[in-house]
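The sequence shown runs 1 to 116 under UniProt numbering.
Where is the CB? At the ideal position from N, CA and C, for every residue including glycine.
Below: one structure, written as structure tokens.
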Amino acid sequence: MDGATQKDCWIDVCALTDIWPDTGVCALIQGRQVAVFRMRDGDREHLYALDNHDPFSGANVLSRGLVGNLGERRVVASPIYKQHFDLATGECLEDAQVRLRTWRVRLVDGRVQVSA
Numbered sequence: 001m002d003g004a005t006q007k008d009c010w011i012d013v014c015a016l017t018d019i020w021p022d023t024g025v026c027a028l029i030q031g032r033q034v035a036v037f038r039m040r041d042g043d044r045e046h047l048y049a050l051d052n053h054d055p056f057s058g059a060n061v062l063s064r065g066l067v068g069n070l071g072e073r074r075v076v077a078s079p080i081y082k083q084h085f086d087l088a089t090g091e092c093l094e095d096a097q098v099r100l101r102t103w104r105v106r107l108v109d110g111r112v113q114v115s116a
């Protein structure tokens with residue numbers, strides 16, 4: 001379906017204040033685990049969402065990974081084998097052939113929502 005005929009379905013995940021700055025949480029969206037991250041850049045807040053599944057270890061752990069910057073890229077490092085995933089694109093920095101699904105995420109009235 002094209003964007004004109006399909007309505008977005010936004011799933012309420014949690015309050016923004018439920019996610020500590022520069023950390024992530026896990027949400028179940030349509031049967032899939034999604035890692036949702038809240039990042040601060042000075043006074044600005046950024047939200048990111050990508051699959052929680054680490055393709056290298058097979059574990060659902062990325063929401064517990066360490067977040068930060070590698071150059072200009074905001075990343076999460078897997079807590080298992082330490083691969084870095086770009087929060088905006090899902091690309092693995094150590095293996096460009098591996099990419100996680102990213103999810104659209106927004107803030108509405110203080111609530112974090114992910115598009116299903």
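Legend entry - Whole-angstrom distance between Lys7 and Arg73, CA atom to CA atom: 31 Å
Legend entry - Under the three-state DSSP convention, the category Asp8 falls into: coil
Legend entry - Residues near Val98 by beta carbon distance below 7 Å, same chain, minus five either side: Pro55 and Cys92
Legend entry - Asp51 - DSSP class collapsed to helix/strand/coil: strand
Legend entry - Candidates Asp95, Gln83 and Gly31: closest to Gly65 by CA position: Gln83
Legend entry - Residue range of the unbroken beta strand (DSSP E) whose run includes Cys26: Thr23 to Ile29
Inset, instruction - Express the C-alpha separation of Thr23 and Gly58 in angstroms, rounding to a whole number. - result: 21 Å
Inset, instruction - Kindly list the residues whose CB is nearer than 7 Å to the CB of Leu107, restricted to its own chain and excluding five residues on each side of it in sequence; keep chain order. - result: Taking Leu107 as the centre and dropping the five residues before and after it, the same chain places the C-beta of Leu16 and Leu47 closer than 7 Å to its C-beta, in chain order.
Inset, instruction - Along the beta strand (DSSP E) that carries Gln83, what are the first and last residues, could you check? - result: Unbroken run through Gln83: none, as it is neither H nor E.
Inset, instruction - Tell me whether Val61 sits in a helix, a strand or coil according to DSSP, three-state version. - result: coil
Inset, instruction - Would you tell me roughly how many angstroms separate the C-alpha atoms of Tyr81 and Glu45, rounded to the nearest one? - result: So the alpha carbons of these two residues sit roughly 28 Å apart.
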